[in-house]
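**Q** Take a look at this one; I'll ask things after.
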Amino acid sequence: MKAHFVKWIPLAACLLLSACASGPNTQVNYVKATERFEGTLPCSGCNGIETDLVLQRDAVTGAPAGFYLHEIKIDAPGGERVSTSWGNWYENQSINDFKRQLYVLKPEVGTTRAYLRLDSGDLQPVTEQGTPAVDEKGESVTLQSLTPDLSLPKNESRGN
Numbered sequence: 001m002k003a004h005f006v007k008w009i010p011l012a013a014c015l016l017l018s019a020c021a022s023g024p025n026t027q028v029n030y031v032k033a034t035e036r037f038e039g040t041l042p043c044s045g046c047n048g049i050e051t052d053l054v055l056q057r058d059a060v061t062g063a064p065a066g067f068y069l070h071e072i073k074i075d076a077p078g079g080e081r082v083s084t085s086w087g088n089w090y091e092n093q094s095i096n097d098f099k100r101q102l103y104v105l106k107p108e109v110g111t112t113r114a115y116l117r118l119d120s121g122d123l124q125p126v127t128e129q130g131t132p133a134v135d136e137k138g139e140s141v142t143l144q145s146l147t148p149d150l151s152l153p154k155n156e157s158r159g160n
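The sequence shown maps to residues 1 to 160 in full-length UniProt numbering.
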């Protein structure tokens, strides 16, 4: 009985050691199925436009799948103060900087809009002339990303 038990000790030790070993460090590509951006954009006839933009992607492929845009004109004199639009969007390269992504929104009703994706993850509106939008002081305006980045940095190792 004792000899039979002794035969199983090395096997049990190997199983315990292999259970503690870590597997290969695999990189997982995280797809943000929904991204949300908020900010106040300049307005010629009011004190600004509170903007809330939601971009949707296919959860598997990451391909653009739709958008929802809600805008409120601050202190607008009469008329349409609230605007909501939705439709499709696509990614393109900026013609001014090929390293930057340009997001183009094509609403079901209304005019096409473009936003430049900044390194910070924020979006900068692009005017009809193709230049970044600025406020009355000449400073850049952006929609801030509200979606957290859940991916690990490329150089960070797991478990250490």
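Cβ coordinates follow ideal geometry from the N, Cα and C atoms, glycine included.
All of these numbers come straight from a predicted model, not from anything done at the bench.
Is Ile72 helix, strand or coil by DSSP?
**A** Ile72 falls in the strand class under three-state DSSP.
**Q** Hey, how far is the Cα of Ile49 from the Cα of Val141?
**A** Whole-angstrom Cα-Cα distance: 11 Å.
**Q** Using a 10 Å radius around the Cβ and a threshold of 16 neighbouring Cβ atoms, would you call Val126 buried or exposed?
**A** With 16 or more other Cβ atoms within 10 Å, it is buried.
**Q** On the DSSP bridge list, what partners appear for Asn88?
**A** According to DSSP, Asn88 bridges with Lys106.
**Q** Would DSSP call Arg81 helix, strand or coil?
**A** In the structure shown, Arg81 sits in coil (DSSP, three-state: anything other than H, G, I, E or B).
**Q** Would you mind sorting Thr112 into buried or exposed? The rule is 16 or more other CB atoms within 10 Å of its CB.
**A** Exposed is the call here.
**Q** Reducing DSSP to helix, strand and coil, say where Ser140 ends up.
**A** Reduced to three states, the DSSP call for Ser140 is strand.
**Q** Just curious, the beta strand (DSSP E) that Leu116 is in, first and last residue?
**A** It spans 113 to 117 - the beta strand (DSSP E) in which Leu116 sits, taken as one unbroken run.
**Q** Judging by CA-CA distance, which residue of His70, Glu35, Gly87 is the nearest neighbour of Leu41?
**A** The residue with the shortest Cα to Cα distance from Leu41 is His70.
**Q** Taking the straight line between their C-alpha atoms, what separation do you get for Glu91 and Gly78?
**A** The alpha-carbon atoms of Glu91 and Gly78 are separated by roughly 35 Å.
**Q** In its own chain, which residues sit with a C-beta less than 7 Å from the C-beta of Lys32, not counting the 5 before and 5 after it?
**A** Once the five neighbours on either side are set aside, the close Cβ partners of Lys32 are Arg57, Thr147.
**Q** If the criterion is Cβ atoms closer than 8 Å, does the pair Asp122 and Gln144 meet it?
**A** A contact, by the Cβ cut-off of 8 Å.
**Q** I need the boundaries of the beta strand (DSSP E) containing Val54, first residue and last residue.
**A** Here the beta strand (DSSP E) through Val54 covers 49 to 57.
**Q** For a quick check, are the C-beta atoms of Ile72 and Val82 less than 8 Å apart?
**A** Result yes, Cβ atoms of Ile72 and Val82 sit closer than 8 Å.
**Q** Starting from the C-beta of Asp149, find all residues in its chain whose C-beta is less than 6 Å away, skip the five residues before and the five after it, and write them out in chain order.
**A** Closer than 6 Å at Cβ, skipping near neighbours: no residue.
**Q** Just the C-alpha distance for Val109 and Ser85, rounded to the nearest angstrom, thanks.
**A** Taking the straight line from one Cα to the other gives about 7 Å.
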